[in-house]
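Everything below concerns the one structure shown next.
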Ligand SMILES: [Fe+2]
Ligand SMILES: [Fe+2]
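In our numbering, the protein residues as written are 6 to 232.
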């Protein structure tokens, strides 16, 4: 156990139990988002979907990297992942990024939006998703994009909160959260650009899921550095 490492965080005035809880909730959101983005990417088809597919894949793989990077810190701080994956997904800090019903390609144009919440969703996130639901019900042509952008916006709120809590106190968690935050901000910008909200200012990743900021925290490098 990282005894002194934990002591230092405690002595800085941080409530370690609360921090671990936030990290577990963040890790759960990454894990569930990775799962849901797999479905969204598979359904990003057709003329519009094809362009979207590549950035969903980058965001998907980077969210998996975020999960991988968070887990060691949770254990270092004396925490653990829930034994049951259902308990884990239920505490996710962000809503489930469900595939909108009308995008399922089954010929059924029903617009009943399958947007839902884990118990971990913040009020802000719930509000955002209810707006997505409304969009789907009104026949918005880009409900999937809205699900994606809201998932990233939720992640930005989550990591900004952890950065604010740990800044100048728990240096390791701060650096890790900041690295993830950098990538979440880029993810939001990619999807926001597709929504016509303005240019992201970015160009494509060198390889899918490159994680330019978080890769240095990964135990197994994802290969972008050529090793
Ligand atoms: Fe993420
Ligand atoms: Fe993301």
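For glycine and all other residues, C-beta sits at the position ideal for the given N, C-alpha and C.
Between residue 197 and residue 224, the C-beta spacing is not below 8 Å. For residue 68, the CB falls within less than 7 Å of some heavy atom of ligand 2. Comparing C-alpha distances from residue 63 to each of 209, 222, 220 and 218 shows the shortest one belongs to 209. Assignment of residue 10 by DSSP, reduced to helix, strand and coil, places it in the helix class. Here the distance from the Cβ of residue 32 to the nearest heavy atom of ligand 1 is not below 7 Å. Pairing residue 21 with residue 80, the inter-Cα distance amounts to about 12 Å. Taking a cut-off of 8 Å on C-beta distances, the region 12-28 touches the region 172-181, as three or more cross pairs fall below it. Residue environment analysis places residue 89 among the exposed positions, since fewer than 16 neighbouring C-beta atoms fall within 10 angstroms of its C-beta. Spanning the alpha carbons of residue 214 and residue 16 requires a straight line of approximately 37 Å. Here the distance from the Cβ of residue 160 to the nearest heavy atom of ligand 2 is below 7 Å. Per DSSP, the continuous alpha helix (DSSP H) segment holding residue 34 begins and ends at 21-48. If you draw a 10 Å sphere on the C-beta of residue 12, you find fewer than 16 other C-beta atoms in it, and that means exposed. The DSSP-derived three-state label of residue 86 is coil. Nearest neighbour of residue 37 by Cα position, chosen from 70, 60 and 221, turns out to be 70. Residue 35 has its Cβ nearer than 7 Å to a heavy atom of ligand 1. For ligand 2, a non-hydrogen atom lies closer than 7 Å to the CB of residue 64. Scanning its chain for C-beta atoms nearer than 7 Å, with the 5 sequence neighbours on each side dropped, one finds around residue 41 the residues 101, 102 and 103, in chain order. Scanning its chain for C-beta atoms nearer than 6 Å, with the 5 sequence neighbours on each side dropped, one finds around residue 171 the residues 178 and 179, in chain order.
Scanning 184, 193, 203 and 207 for the CA closest to the CA of residue 74 turns up 184.
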